[in-house]
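Undergrad: Going from the sequence shown to the numbering used here is simple: count from 1 and add 28. All C-beta atoms, glycine included, are put in the ideal place defined by N, C-alpha and C. Dropping a structure here in structure tokens format, bear with me for questions.
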Amino acid sequence: MSESSWFAAYAPVFGAFGAIFGSFLNVCIARWPKDESVVRPRSRCPGCGGGIAWYDNIPVVSWLALRGRCRRCGEPISVQYPLVEAATAALWVGSLWLLGPSLLAVRLAVVATILLGVAVTDAQSYLIPDGFTINGLVVAMVGALAGALLGEQLPFAGPWDAVVGACTGAGAITIIGWLGEVAMKKEAMGYGDATLMAFVGALLGPVRALLCIFVGAALAAAAFLLLVYPIVWLRARRSGTAFEPPLVPFGVFLAPAAVVTLLFGNALLGWYAGRMLG
Ligand SMILES: [Zn+2]
Numbered sequence: 029m030s031e032s033s034w035f036a037a038y039a040p041v042f043g044a045f046g047a048i049f050g051s052f053l054n055v056c057i058a059r060w061p062k063d064e065s066v067v068r069p070r071s072r073c074p075g076c077g078g079g080i081a082w083y084d085n086i087p088v089v090s091w092l093a094l095r096g097r098c099r100r101c102g103e104p105i106s107v108q109y110p111l112v113e114a115a116t117a118a119l120w121v122g123s124l125w126l127l128g129p130s131l132l133a134v135r136l137a138v139v140a141t142i143l144l145g146v147a148v149t150d151a152q153s154y155l156i157p158d159g160f161t162i163n164g165l166v167v168a169m170v171g172a173l174a175g176a177l178l179g180e181q182l183p184f185a186g187p188w189d190a191v192v193g194a195c196t197g198a199g200a201i202t203i204i205g206w207l208g209e210v211a212m213k214k215e216a217m218g219y220g221d222a223t224l225m226a227f228v229g230a231l232l233g234p235v236r237a238l239l240c241i242f243v244g245a246a247l248a249a250a251a252f253l254l255l256v257y258p259i260v261w262l263r264a265r266r267s268g269t270a271f272e273p274p275l276v277p278f279g280v281f282l283a284p285a286a287v288v289t290l291l292f293g294n295a296l297l298g299w300y301a302g303r304m305l306g
């Protein structure tokens, strides 16, 4: 098949899988921070407590058809639900486009889905639930073994690099958090950041795991110094209250940094080594 015809053939399948996984991701985002099961009970409307019929639970489509309201009580349903579903579908189609119809594309899609969950949950609740990171670590390790057996691994780390990468990622972020705590005399990094970097390190291997923390820190610094702090500062000034710098949910930035480093990390490191040595 030519390049465009396999894409046209597989894109609807990847998009549909992505939307379904995105629908499940919404459940994880809502329930894991509260330590609730993502299997039981079935989804209910938070307004009237009524069960949601299958035809009202079709990703994106149902929300649009119901115009964002519960069929029974008319309570608004957050736009976050269709947005997460659409974004996950886009991540799956994007993975197919980048890596072709392969196990590699499925691995990238699953990993990107988990990282999207991490980013949204951390942004909302300053928590990175173990559900994402422990399952992510398992996915990364099983993926590395499967990739080694099938002989198609790049851009993912091989099994040995995955083990060393998990330890490097979790260790490095723990050391940075500890130093930050000593310097700022308050908690700088949560336990969730360490488990996240164990998962991400298993995807990237040790060198790119360190690069990922660097890229994440750069993204976080840019977002907070250029956008978040000025807005909070202006608001405080307007209301005449003291400027209270908000905490940085580092997972929000580590998650996209992980995907960027997975896809472009080696090129970036090669370019840097070329400049240093050449
Ligand atoms: Zn309702």
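According to DSSP, is Gly79 helix, strand or coil?
TA: Strand, per DSSP.
Undergrad: Which whole runs of the alpha helix (DSSP H) in the stretch 51-109 are 4 residues long or more, in chain order?
TA: Fully enclosed alpha helix (DSSP H) runs of 4 or longer: 89-93.
Undergrad: Express the C-alpha separation of Thr223 and Ser98 in angstroms, rounding to a whole number.
TA: Reading off the sequence, residue 98 comes out as Cys, not Ser. So the two alpha carbons sit approximately 37 Å from each other.
Undergrad: Let me know the secondary structure DSSP gives Leu224 once reduced to three states.
TA: Helix.
Undergrad: Report all residues from its chain with a CB closer than 8 Å to the CB of Pro308; omit the five preceding and five following residues, and keep chain order.
TA: The structure shown does not extend to residue 308, since the chain is modelled only from 29 to 306, so the question has no answer here.
Undergrad: Hey, would you say Met212 sits closer than 8 Å to Leu282, going by beta carbons?
TA: Not closer than 8 Å, so no.
Undergrad: Assuming Ser71 and Val55 make a contact with CB atoms under 8 Å, what is their CB distance in whole Å?
TA: That pair is a contact at about 7 Å.
Undergrad: Classify Asp84: buried if its beta carbon has 16 or more other beta carbons within 10 angstroms, exposed otherwise.
TA: Label assigned to Asp84: buried.
Undergrad: By the DSSP assignment, the alpha helix (DSSP H) with Phe252 in it spans what residues?
TA: Unbroken run through Phe252: none, as it is neither H nor E.
Undergrad: Exposed or buried, Val41, counting other C-beta atoms within 10 Å across all chains shown (16 or more means buried)?
TA: Exposed, since its Cβ has fewer than 16 Cβ neighbours within 10 Å.
Undergrad: Could you name the residues of the same chain whose beta carbon sits closer than 8 Å to that of Ala198, not counting the 5 residues immediately before and after it, in chain order?
TA: Result list for Ala198: Ala222, Thr223, Met225, Ala226 and Gly229, in chain order.
Undergrad: Which whole-angstrom value describes the C-beta separation of Gly159 and Asp189, a residue pair presumed to lie in contact below a C-beta threshold of 8 Å?
TA: So it is not a contact: roughly 25 Å between Cβ atoms.
Undergrad: Pick out whichever of Ala301, Gly205 and Leu291 has its Cα sitting closest to the Cα of Leu126.
TA: The shortest Cα separation from Leu126 among Ala301, Gly205 and Leu291 belongs to Leu291.
Undergrad: Run the proximity test for Arg100: is its beta-carbon closer than 7 Å to any non-hydrogen atom belonging to ligand 1?
TA: Yes - ligand 1 has a heavy atom lying nearer than 7 Å to the Cβ of Arg100.
Undergrad: For Tyr300, which of helix, strand or coil comes out of DSSP?
TA: Reduced to three states, the DSSP call for Tyr300 is helix.
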